[in-house]
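Single-structure report; data block below.
Protein chains: 4
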Amino acid sequence: MDKQIVNGFSSNELQELFHKAHLAKHRAHCPYSQFRVGAALLTTTGKIYTGCNVENAAYPLSTCAERTAVVKAVSDGEKSFKKIAITSDVEIGFTGPCGSCRQTLAEFGLDMDIYLISPNNEAKMYTLRDLLPIAFTPQDLQKPRASHDIIL
Amino acid sequence: MDKQIVNGFSSNELQELFHKAHLAKHRAHCPYSQFRVGAALLTTTGKIYTGCNVENAAYPLSTCAERTAVVKAVSDGEKSFKKIAITSDVEIGFTGPCGSCRQTLAEFGLDMDIYLISPNNEAKMYTLRDLLPIAFTPQDLQKPRASHDIIL
Amino acid sequence: MDKQIVNGFSSNELQELFHKAHLAKHRAHCPYSQFRVGAALLTTTGKIYTGCNVENAAYPLSTCAERTAVVKAVSDGEKSFKKIAITSDVEIGFTGPCGSCRQTLAEFGLDMDIYLISPNNEAKMYTLRDLLPIAFTPQDLQKPRASHDIIL
Amino acid sequence: MDKQIVNGFSSNELQELFHKAHLAKHRAHCPYSQFRVGAALLTTTGKIYTGCNVENAAYPLSTCAERTAVVKAVSDGEKSFKKIAITSDVEIGFTGPCGSCRQTLAEFGLDMDIYLISPNNEAKMYTLRDLLPIAFTPQDLQKPRASHDIIL
Ligand SMILES: [Zn+2]
Ligand SMILES: [Zn+2]
Ligand SMILES: [Zn+2]
Ligand SMILES: [Zn+2]
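Protein chains in written order, with numbering that gives the first Met the number 0: chain A, 0 to 151; chain B, 0 to 151; chain C, 0 to 151; chain D, 0 to 151.
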């Protein structure tokens, strides 16, 4: 898997993306987990949509920062994503997105970069393709179906 | 249950809310259900956040218009909601929000109005309290727990 | 709304259902909420399927006791439900099912009874129709759609 | 990533697991996607729990075959999983589990084998660790949190 430490790099685009992910984290509604997450999603048109986790007393109704960013983009007419930056309060190491968020992003293509950012702005870069191998995608629903299976 | 046909009323606030719900519907990403939904959420601070449904090839990862609007508001720092307007393409009658959306809204209080709007802008008004009786709310997690149950 | 205190009643069927709901609660995987829930679902064919909540470190992936019972029944070929009993550790009053569970049950018909049971086996009875008014059901997906809306 | 074509192998344990996954698929409640999935989960205690997808008119309330199998096991007191076999009607190639199912399994440990099976009983083997790299796990919730972030 292609990993890359991103640190001290000079891209203004990335720095803005990271900054917005940190800011978004401060909006987290997480009275149950106390685990704040922020995300910033860059579209191929150059727009940035941010998100935080929004929890619910009925835990399954909670949603993640990454998905908040995605639905904001889609409801604004943007469905083509280039990069997402994700951060939490975890001090050491890099916290990966949950499987649901990987799947939500995969709806819109596997060719995007995922930056995991620490609170002190260190980052590691992955691709969505790396993080969701053998992904279930919209194409899977279109594939020919067998009319029988082995047990019949 | 307190219901009210809302038609030909003059509130500019409501008319704007309904208009934005209709517009939001056009952003729906629903290649699987072909069932477009739009929502517009009014906060007590007077802001409006809109949402559409955003589906996923893995159906459980789909989300609804109402929840899209809620997470947009929360990630913008708004957690106090006054009214939500919801519309779909269903021509006759009024389509209620799914149970998940009622629960998502309930996290932020049961005292809000829910307007179900038809494509030709007729509406019916409910309260969230009406639509989610005996609601499970954040308070339920705080209640004293029994140390034993009958089977012990 | 039709409510009924069920206490000291003599139905063996209900007593077995309640007993199994209490027992199911003890299987709850809830290291995050510490909020145990048990459910027991009676099919129209007379079978009982039990469930507990199963939480996940990524909170949105958690699921509820009621839905656990439903998927157990469906994966066993049973889709027609008569009654469900739900219990938690909350000592005083009756805790309602979350909106998601009401919606999950509604897929299979609104004419079922929901018994909320306290740890000391007191119960209150509702119908699903009561608890999910103006329900979104499979029929809603079949209704005629408007080809235009007001904003066009 | 460690992949392995599993074909013509002789393990009775695996053959039973695969057979039960095929059978489980026939229970799928999928009137919306028409995409049947079956799963069979082997615990470290040697029990097999099967599951199918159970969809809902409100698509987000749908659940997957793999998660059905997991909650059945957990509600039966089993939380240690060894292998899962997953099959659908897709004729060519191997269909991966959705991100949500990978996450649901990850709650109970990353060291399990995932067998993707075709309708004609060909299989490919992965590990959960392979399919959910940089997984978000229960340990992530325990890690020390930074008291500040870069933007403060
Ligand atoms: Zn997530
Ligand atoms: Zn909904
Ligand atoms: Zn529930
Ligand atoms: Zn899945």
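For glycine and all other residues, C-beta sits at the position ideal for the given N, C-alpha and C.
Asked: Interface positions of the segment 125-137 of chain A facing chain B (Cβ-Cβ less than 7 Å), listed along the chain; Found: F135, T136, P137
Asked: For ligand 2, residues whose Cβ lies under 6 Å from any non-hydrogen atom; Found: B:C63, B:E65, B:P96, B:C97, B:S99, B:C100, D:A57
Asked: Identity of the residue in A:T42, A:T43, A:Q33, A:G108 nearest C51 of chain A by Cα; Found: A:Q33
Asked: Alpha-carbon to alpha-carbon, L13 of chain B and K24 of chain D; Found: 48 Å
Asked: Beta-bridge pairing of T94 of chain A - partner residues as DSSP gives them; Found: DSSP output for T94 of chain A lists no bridge partner at all.
Asked: Reduced DSSP category for T43 of chain B - H, G, I as helix; E, B as strand; rest coil; Found: coil
Asked: Chain C contact for F17 of chain D (CB, 8 Å cutoff); Found: no
Asked: Within chain B, partners of N11 of chain C - CB distance below 7 Å; Found: Under the 7 Å cutoff, chain B gives no residues; its nearest Cβ is about 16 Å from N11 of chain C.
Asked: Simplified DSSP assignment, three categories, for C63 of chain D; Found: coil
Asked: C-beta neighbour in chain B for D1 of chain A, strict 8 Å; Found: At D1 of chain A the pLDDT is 48, less than 50, meaning the model places this residue with poor confidence and gives no usable figure here.
Asked: Pick from B:I116, B:S117, B:L115, B:C100 that is closest to L109 of chain B, judged by C-alpha positions; Found: B:C100
Asked: Enclosing beta strand (DSSP E) for D88 of chain B [first to last residue]; Found: Counting along the chain, D88 of chain B falls outside any beta strand (DSSP E), and DSSP gives it neither H nor E.
Asked: At least 3 beta-carbon pairs within less than 8 Å: the segment 53-70 of chain D vs the segment 70-80 of chain B; Found: no
Asked: CB contact flag (R26 of chain C, G76 of chain D, <8 Å); Found: yes
Asked: Supposed contact pair I116 of chain B and T136 of chain B - C-beta distance, whole angstroms, cut 8 Å; Found: Rounded, the Cβ-Cβ distance is 26 Å, inconsistent with contact.
Asked: For L130 of chain A, the first and last residue of its enclosing alpha helix (DSSP H); Found: 127-130
Asked: Residue from D:L104, D:S146, D:Q141, D:V53 whose Cα sits closest to the Cα of E54 of chain C; Found: D:L104
Asked: C29 of chain C versus D:L130, D:K78, D:L41, residue with shortest Cα-Cα distance; Found: D:K78
Asked: R144 of chain B (DSSP reduced to helix, strand or coil); Found: strand
Asked: Between the CA atoms of M124 of chain A and P96 of chain C - distance to the nearest angstrom; Found: 41 Å
Asked: Residues of its chain near R146 of chain D, where Cβ-Cβ distance is below 8 Å and the 5 sequence neighbours each way are ignored; Found: A quick correction: the sequence has Ser, not Arg, at residue 146 of chain D. Result list for S146 of chain D: empty, nothing under 8 Å.
Asked: Straight-line gap, L41 of chain D to M111 of chain D (C-alpha atoms, nearest Å); Found: 10 Å
Asked: Buried or exposed by the 16-neighbour rule on C-beta atoms within 10 Å, applied to G92 of chain A; Found: exposed
Asked: As assigned by DSSP and simplified to three states, the class of Y48 of chain B; Found: strand
Asked: Proximity winner among B:D139, B:L60, B:F17, relative to L122 of chain B (alpha-carbon distances); Found: One point to set straight first is that residue 122 of chain B is Ala, not Leu, in the sequence displayed. Taking only the C-alpha atoms, the option nearest A122 of chain B is B:F17.
Asked: Chain D contact for Q33 of chain C (CB, 8 Å cutoff); Found: no
Asked: Paired residues, beta bridge with L115 of chain A - DSSP; Found: A:I85, A:K123
Asked: Contact with chain B by P59 of chain D, beta-carbon distance below 8 Å; Found: yes
Asked: Contact set for N120 of chain C: own chain, Cβ-Cβ below 7 Å, skip 5 residues either direction; Found: F17
Asked: Interface residues of chain A facing G108 of chain D [CB-CB closer than 8 Å]; Found: Result: empty, since nearest Cβ-Cβ is about 14 Å, beyond 8 Å.
Asked: Closest by C-alpha distance to E106 of chain C, when choosing among D:T43, D:A57, D:S10; Found: D:A57
Asked: Backbone CA spacing between T43 of chain C and D139 of chain D [nearest angstrom]; Found: 44 Å
Asked: Best match in D:H21, D:D148, D:I149 for proximity to I83 of chain D [C-alpha to C-alpha]; Found: D:H21
Asked: CB contact flag (R128 of chain C, V89 of chain B, <8 Å); Found: no
Asked: Inter-residue CB distance, K19 of chain A and T49 of chain A (contact presumed, cutoff 8 Å); Found: 5 Å
Asked: F80 of chain A (DSSP reduced to helix, strand or coil); Found: strand
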